[in-house]
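Participant: One line per chain: the protein sequences are A, B and C, in this order.
Reminder that position 328 of the first sequence reads as 328 in the numbering used here, one-by-one numbering, no gaps.
Reminder that position 17 of the second sequence reads as 17 in the numbering used here, one-by-one numbering, no gaps.
Reminder that position 48 of the third sequence reads as 48 in the numbering used here, one-by-one numbering, no gaps.
From the three backbone atoms N, C-alpha and C, an ideal C-beta is built for every residue, glycine too.
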Amino acid sequence: MDIFSGLLSGFQITLQPVNFLYCFIGVFIGTLIGVLPGIGPTGAMSILLPTTFGLSPVSSLIMLAGIFYGAQYGGSTTSILVNIPGEPSSIVTCLDGYQMARQGRAGPALGIAAFGSLIGGTFSIIALMFLAIPLSEIAVAFGPAEYFSLICMSMVFSVYLARGSFVKAIIMIIVGLILSTVGMDLVSGRPRFTFGCGTLIDGIGLVPAAMGLFGISEVLMNLEESLDRVVFKAKVKNLLPNLEDWKRSIGPIIRGTLLGFPLGILPGGGAIIASFVSYSIEKRISKNPEGFGHGAIEGVAGPETANNAGAGGSFVPLLGLGIPPNVVMALLMGALIIHGVAPGPLMIKQHPEIFWGVIASMYVGNTMLLLLNLPLIGMWVKLLKVPYRILMPLILLFCVIGSYSLNNNIVEVVIMIIFGIAGYILRKFEFEAAPLMLAFILGPIWENAWRQSLVISEGNFSIFLEKPISCAALVLAAFLIITSGFKYYRKTKTKVIIE
Amino acid sequence: MKKYHIIPTLFWMGLSLFVMIFSYRLGLRGFHNPGPGLAPFVLGLLLLLISLYVLIDALLKKGRGDETPGEGQSRTNYGKIGLVLAALFAYSFLLERLGFLITTWIFLFLLFRSMGNRWVTTLVASTSTMLATYLVFTFFGVRFPPGIFGLGG
Amino acid sequence: MKKRIFKGFLCISIFFAMVCTSFNHSWSAEKKYPSRNIDVLISFPPGGPIDLQTRILAKYLEKEVGVQVIPVNKPGGGGSLGAGILASSRPDGYTLSLMAQSSIIMPVLLKEADFSIEDFRAIGQVVAPPPVVFVVHPDSPWKTFQEFVDHARKNPGVKCGHPPVTTTAFLKMSYINKYANLKLVGVPFKTDPEINVAIMGKHIPIAMSGVAALRGPLEAGKLRVLFSFNPATEIGDLKLAPNTPDFESFFGKKPRFDLATYLWAHSKTPDEIIEILKRALEKVEKNPEFDNDLKKVGYRARYVDGDIFMKEELPESVKFIKEILTEIGLMK
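1) Which same chain residues end up closer than 6 Å to Y94 of chain C when comparing Cβ atoms and leaving out the 5 residues on each side of it in sequence?
2) Check each residue of the region 35-54 of chain C: if its Cβ is closer than 8 Å to any Cβ of chain A, include it; give the result in chain order.
3) Does the distance from the CB of G216 of chain C to the CB of G291 of chain A come in under 8 Å?
4) From the DSSP output, in three-state form, read off T9 of chain B for me.
5) Specify, as a first and last residue, the run of the beta strand (DSSP E) that Q125 of chain C falls within.
6) In chain order, what residues of the same chain have a beta carbon less than 6 Å from the beta carbon of L480 of chain A, not counting five sequence neighbours either side?
7) Alpha carbon to alpha carbon, what distance is there between F148 of chain A and L476 of chain A?
8) Under 8 Å by Cβ, that's how I've got F134 of chain C and L226 of chain C pegged, so tell me the actual separation to the nearest angstrom.
9) Can the beta-carbon of G507 of chain A be found closer than 8 Å to that of E282 of chain A?
10) When the Cα atoms are used, what is the spatial distance from E234 of chain C to I176 of chain C?
11) So what does M208 of chain C bridge to, in DSSP terms?
12) Please report how far the alpha carbon of S128 of chain B lies from the alpha carbon of L110 of chain A, in whole angstroms.
13) Please classify R118 of chain B: is it buried, with 16 or more other beta-carbons within 10 angstroms of its beta-carbon, or exposed?
14) N73 of chain C by DSSP, collapsed to three states: which one?
15) Run the CB neighbour count on V136 of chain B, radius 10 Å, all protein chains shown included, and call it buried at 16 or more, exposed below.
16) Would you grab the beta carbon distance between F68 of chain A and G10 of chain A for me? Rounded to a whole angstrom, and I think it's under 8 Å.
17) Given that V185 of chain C touches chain A, what residues does it touch there, using C-beta distances under 7 Å?
18) Exposed or buried, which one is V386 of chain A when buried takes at least 16 other CB atoms within 10 Å?
19) Counting only Cβ pairs nearer than 8 Å, list the residues of chain C close to D202 of chain A.
20) So, for S28 of chain C: in the same chain, excluding its five sequence neighbours on each side, which residues have a beta-carbon less than 8 Å away from its beta-carbon?
21) Along the region 281-297 of chain C, where does the CB come closer than 9 Å to a CB of chain A? Name the residues.
22) Buried or exposed: where does A132 of chain B fall if 16 or more other Cβ atoms within 10 Å of its Cβ makes it buried?
23) When you compare the region 116-132 of chain C with the region 166-173 of chain C, are there three or more beta-carbon pairs, one atom per stretch, that lie closer than 8 Å?
24) So, helix, strand or coil for G301 of chain C, using DSSP?
25) Would you please state the rounded distance, in angstroms, between the beta carbons of M20 of chain B and G35 of chain B? I believe it to be under 8 Å.
26) Starting from R248 of chain A and walking both ways along the beta strand (DSSP E), at which residues does that stretch end?
27) For the region 165-185 of chain A, which residues have a CB atom closer than 8 Å to at least one CB atom of chain C, in sequence order?
28) What residues of chain A sit near A125 of chain B, judged by a beta carbon separation below 7 Å?
29) DSSP three-state label for R29 of chain B, please.
30) What's the call for D119 of chain C, buried or exposed, on a 16-neighbour Cβ count within 10 Å?
31) Report the rounded CA-to-CA distance for A114 of chain A versus L374 of chain A, giving the unit in angstroms.
32) For V455 of chain A, I'd like the list of residues in its chain whose CB is within less than 8 Å of its CB, leaving aside the five on either flank, ordered along the chain.
33) Go ahead and pull the three-state DSSP assignment for L182 of chain C.
34) Cβ of Q99 of chain A less than 8 Å from any chain C Cβ?
35) Taking 8 Å as the threshold (beta carbon to beta carbon), is L182 of chain C in contact with chain A?
36) What whole-angstrom Cβ distance do L55 of chain B and T104 of chain B have, given they're in contact under 8 Å?
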């Protein structure tokens with residue numbers, strides 16, 4: 001079945017009233033999930049999984065997939081509005097998106113995020129259609145050594161996320177990595193740094209940590225000043241991005257798509273890595289990098305596109321190989337298996353209607369999401385006009401319920417508060433939360449890759465240079481460090497001269 | 001200015017030593033078979049080295065005072081921050097004892113009021129928010145503690 | 001005037017609060033079991049094999065007990081978090097968990113648990129011992145298991161991938177390693193899909209993996225099964241390599257060891273409730289549709305009474321796991 005007839009039949013399936021409805025339900029719930037703190041797409045999907053038992057495999061998959069990429073849209077909303085990442089891949093959006101909101105430009109930020117997400121998502125679907133199988137071959141070329149080097153490279157990139165000092169960013173990365181070791185070590189079964197606290201046995205929760213570090217610390221910062229200081233500029237300029245915004249965003253969007261899709265294929269943190277590599281690249285090639293971190297629209301357009309492209313990319317290993325690259329895909333795979341379909345290269349041959357039906361539904365779903373989210377921008381912007389003295393307790397409650405609702409565990413709320421205090425103190429000393437958070441997320445993957453590589457090579461570090469992909473990534477990382485080191489050195493030298 | 005750099009650096013050094021000690025205890029086992037403590041130990045070591053570098057650099061830069069915190073000396077409202085933190089901790093302790101509805105209502109009431117809202121606004125906002133969040137989250141299957149009064153379980 | 005408004009609002013708030021509570025609460029007096037929803041804890045994240053088994057079980061158990069059976073994921077600690085939650089839950093039969101014995105035994109032996117084996121009571125075996133297999137890349141030089149065994153014995157230190165230490169697959173690998181004297185070096189992975197990717201990309205020569213995640217790549221010919229731990233009859237209708245021998249035909253008499261999945265409750269749950277659950281479980285197991293659904297994910301249904309298991313098999317399992325853990329150095 002060639003691609004066009006396949007796609008056509010896919011649309012026929014998706015546009016059937018039943019499937020169309022489920023697609024809508026999926027993306028709608030997904031958006032809500034992305035906006036609401038705590039409950040993530042995995043949680044929602046597993047709650048809704050039983051309801052799919054009575055449905056056909058296509059309908060179930062359409063709905064569940066809708067929840068997944070819908071959540072990517074919703075996640076950026078809270079990042080922009082209140083500096084709380086709804087999804088790990090939206091953490092980077094907080095950096096500039098929230099600043100834009102404070103400048104009264106929440107509308108354009110939300111708008112460009114929505115459009116970028118649509119473009120990234122749609123492109124990745126197209127790529128998925130044509131390239132699912134060949135690309136999945138690439139996915140398996142990445143073994144432990146390659147992962148280690150890739151993540152090292154990504155962490156070097158993430159130093160660019162910092163607005164300030166180079167050294168401070170490095171410290172944040174190391175601390176983030178250290179924090180990620182808290183919890184039970186899966187290799188030896190020994191708990192590390194838990195000090196008897198049962199909640200920590202699975203590590204520090206990502207949601208409480210992120211909400212604390214970003215959301216609560218932001219609230220505390222805002223409380224410092226006297227109350228008449230306006231947090232969000234009252235005069236909201238436009239609701240949608242203007243021509244100037246578009247001109248600046250086109251580049252990042254294109255780059256984000258091209259970057260995001262391949263990175264999303266990689267098991268592990270694909271979409272997250274995509275978002276912050278995009279940010280770092282945009283900052284690097286921008287004509288005024290100092291604008292980043294203070295409301296540069298490129299810092300929203302690039303990452304948001306990249307993370308949706310990455311979400312599409314993560315379907316590649318599942319559909320092409322039958323390997324789920326992350327927890328969400330594992331759930332989708334489970335759903336398929338329960339319906340008697342084994343995802344993999346054979347699925348396209350044996351059950352073409354599922355493959356094409358899902359792909360077509362992604363087009364439909366992404367469009368629905370755009371149509372859903374755009375009008376909502378007006379509503380969100382109005383929300384920001386609410387005086388901060390009313391908004392603040394709501395934000396706090398939001399965070400608290402979000403942390404608690406994960407596991408009905410009050411300790412997670414306490415963890416969140418502690419991270420909030422930490423985040424506040426860090427900011428006073430001009431350390432940044434973003435590199436720490438990203439290192440924290442990637443830490444476990446990084447450490448596992450490192451250990452596996454060393455076991456395979458029997459302690460020989462040259463394995464990282466012997467394998468081509470790994471070597472390339474490390475060389476690139478080294479190159480970046482050296483060139484930035486030069487820049488930094490030259491800057492300090494000139495500072496001295498000026499004085 | 002110097003203090004500004006030295007205080008966090010000392011903290012990082014302390015943290016790195018702490019990490020190194022505990023990870024050593026976990027067992028390092030060597031590079032051919034990394035033990036649970038190896039990665040944290042190496043990370044702790046890196047942190048220690050970098051903090052040392054920063055410390056020495058800051059000590060050597062005597063009087064070069066070019067790196068000020070940059071914040072204006074406005075009157076920082078630490079009292080408010082303290083109150084909010086106290087409210088947050090109190091909420092955590094009381095949630096499972098008093099139940100969701102009561103604890104949330106008190107929490108909201110205190111916060112709204114402390115932000116300077118009028119009595120009426122505070123009451124309306126607290127009540128409506130409490131109800132709204134309860135209904136929305138329960139709809140999504142989240143379960144809240146009923147507490148000893150059995151409200152809102 | 002202001003004071004009156006205040007009082008008024010206070011009354012309204014209290015009124016609303018009371019209205020809300022009447023929605024959800026069951027202040028009920030002693031009702032017949034089961035009179036409300038039953039939670040079944042899953043100690044692993046959604047999509048994994050135990051998760052799938054639980055969801056299928058829930059679907060059929062609901063019909064037998066007449067109330068909703070809700071699977072709840074509580075992943076963490078390699079499976080020990082869910083066990084811990086069950087151990088500290090109310091012994092009223094409304095919280096259950098589907099677990100392999102290793103989820104309980106291992107944390108206790110490793111002294112990382114705040115529960116003990118006596119806190120649990122098995123209602124019954126639900127799923128036959130999960131198949132665990134050795135997989136290799138299709139291009140691998142080892143065409144039969146014997147070739148691999150010979151090679152491993154002559155070249156100690158062959159790298160073999162495996163899931164986390166707390167899983168049954170890992171224990172089985174240790175078991176084979178010890179009794180067949182293979183001198184393998186384990187490469188740890190977090191999930192089965194990761195293992196499969198590593199094999200497909202030729203990053204490791206061989207690995208031990210659970211079957212559920214294998215189906216897609218296996219059917220597409222991207223992986224090959226070299227050896228299956230369980231007799232062929234217990235592996236559902238998955239088409240594995242045709243002549244995979246089973247352990248006994250290879251190594252003769254072996255100590256009894258198998259880790260099946262059981263439905264557990266708190267040990268202090270009243271006997272009447274346990275009986276009701278046992279009968280319901282038996283009915284589910286006898287239902288051919290249940291078995292069919294399980295087959296789709298690579299498992300088979302099997303019922304063994306929980307008390308028999310606890311008396312006869314459990315102590316053996318504890319002994320065996322202790323041996324393995326001491327041998328690989330996790331226990332002193």
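Facilitator: Judging by the given coordinates:
1) By one-based count along the third sequence, residue 94 of chain C stands at place 94. These residues qualify, in order along the chain: I38.
2) Listed in chain order, the positions of the region 35-54 of chain C with a beta carbon within less than 8 Å of a beta carbon of chain A are P45, P46, G47, G48, D51 and L52.
3) Start at 1 with the first residue of the third sequence, and residue 216 of chain C comes out as number 216. Start at 1 with the first residue of the first sequence, and residue 291 of chain A comes out as number 291. No, the Cβ-Cβ distance between G216 of chain C and G291 of chain A is not below 8 Å.
4) The residue you call residue 9 of chain B lines up with position 9 of the second sequence. Helix.
5) Taking the first residue of the third sequence as 1, we reach residue 125 of chain C at position 125. Counting along the chain, the beta strand (DSSP E) containing Q125 of chain C begins and ends at F120 to V127.
6) For the purposes of this step, residue 480 of chain A is identified with residue 480 of the first sequence, where counting begins at 1. The residues are V156.
7) Within the first sequence, numbered from 1, the residue matching residue 476 of chain A stands at position 476. Within the first sequence, numbered from 1, the residue matching residue 148 of chain A stands at position 148. Each residue's Cα considered, the two are about 13 Å apart.
8) Stepping through the third sequence from its first residue, residue 134 of chain C is reached at position 134. Stepping through the third sequence from its first residue, residue 226 of chain C is reached at position 226. Contact flag correct, Cβ pair sits at about 4 Å.
9) Residue 507 of chain A cannot be examined here, being either before or after the span of chain A that is shown, 1 to 499.
10) As a first step, residue 234 of chain C must be located in the third sequence, where it is residue number 234. As a first step, residue 176 of chain C must be located in the third sequence, where it is residue number 176. Residue placement at E234 of chain C is flagged as unreliable, the pLDDT there being 42, under the threshold of 50; the coordinate-derived value follows with that caveat. Rounded to whole angstroms, E234 of chain C to I176 of chain C spans 19 Å at the Cα level.
11) Counting from 1 along the third sequence, the entry for residue 208 of chain C is found at position 208. C:F134.
12) For this step, residue 128 of chain B is matched to residue 128 along the second sequence. For this step, residue 110 of chain A is matched to residue 110 along the first sequence. Rounded to the nearest angstrom, the two C-alpha atoms are 28 Å apart.
13) Numbered from 1 along the second sequence, position 118 holds the residue referred to as residue 118 of chain B. With fewer than 16 other Cβ atoms within 10 Å, it is exposed.
14) Residue 73 of chain C sits at position 73 when you count from the first residue of the third sequence. N73 of chain C falls in the strand class under three-state DSSP.
15) By one-based count along the second sequence, residue 136 of chain B stands at place 136. Exposed, because fewer than 16 other Cβ atoms sit within 10 Å of the Cβ of V136 of chain B.
16) The sequence position of residue 68 of chain A within the first sequence is 68, counting from 1. The sequence position of residue 10 of chain A within the first sequence is 10, counting from 1. Rounded, the Cβ-Cβ distance is 18 Å, inconsistent with contact.
17) Here residue 185 of chain C corresponds to residue number 185 of the third sequence, with the count starting at 1. Within 7 Å of the CB of V185 of chain C, the CB atoms of chain A belong to V455, in sequence order along the chain.
18) Translated into positions along the first sequence, residue 386 of chain A becomes position 386. It counts as exposed.
19) Numbered from 1 along the first sequence, position 202 holds the residue referred to as residue 202 of chain A. In chain order: P75, G76, G77 and L81.
20) The residue you call residue 28 of chain C lines up with position 28 of the third sequence. Residue placement at S28 of chain C cannot be trusted, given a pLDDT of 41 that sits under 50; the coordinates are not used to answer.
21) Cβ contacts with chain A come from D293, K296 and V297.
22) To locate residue 132 of chain B, count along the second sequence from 1; it is residue 132. Classification for A132 of chain B: exposed.
23) yes
24) Reading the third sequence from its first residue, position 301 is the one you call residue 301 of chain C. A quick correction: the sequence has Ala, not Gly, at residue 301 of chain C. Strand, per DSSP.
25) Your numbering for residue 20 of chain B matches position 20 in the second sequence. Your numbering for residue 35 of chain B matches position 35 in the second sequence. That pair is no contact at about 14 Å.
26) Position 248 of the first sequence, counted from the first residue, corresponds to residue 248 of chain A. First-last for R248 of chain A: L243 to I265, but that is the alpha helix (DSSP H), not the beta strand (DSSP E).
27) M184
28) In the second sequence, the residue the question calls residue 125 of chain B occupies position 125. Going along chain A in sequence order, the residues near A125 of chain B (Cβ under 7 Å) are I390.
29) Reading the second sequence from its first residue, position 29 is the one you call residue 29 of chain B. In this structure, R29 of chain B counts as coil in the three-state DSSP scheme.
30) Numbered from 1 along the third sequence, position 119 holds the residue referred to as residue 119 of chain C. A residue is called buried when at least 16 other Cβ atoms come within 10 angstroms of its Cβ; D119 of chain C meets this threshold and is buried.
31) Here the question's residue 114 of chain A lines up with position 114 in the first sequence. Here the question's residue 374 of chain A lines up with position 374 in the first sequence. Straight-line Cα distance between these residues: approximately 7 Å.
32) Locating residue 455 of chain A in the first sequence gives position 455, where the first residue counts as 1. Cβ neighbours of V455 of chain A beyond the five flanking positions: none.
33) Here residue 182 of chain C is taken as the residue at index 182 of the third sequence, counted from 1. Looking at L182 of chain C - three-state DSSP - the assignment turns out to be coil, as it is neither helix nor strand.
34) As a first step, residue 99 of chain A must be located in the first sequence, where it is residue number 99. No, Q99 of chain A does not count as interfacial toward chain C.
35) Counting from one through the third sequence, the residue named residue 182 of chain C turns up at place 182. L182 of chain C does not count as touching chain A.
36) Stepping through the second sequence from its first residue, residue 55 of chain B is reached at position 55. Stepping through the second sequence from its first residue, residue 104 of chain B is reached at position 104. About 46 Å separates the two Cβ atoms, so there is no contact after all.
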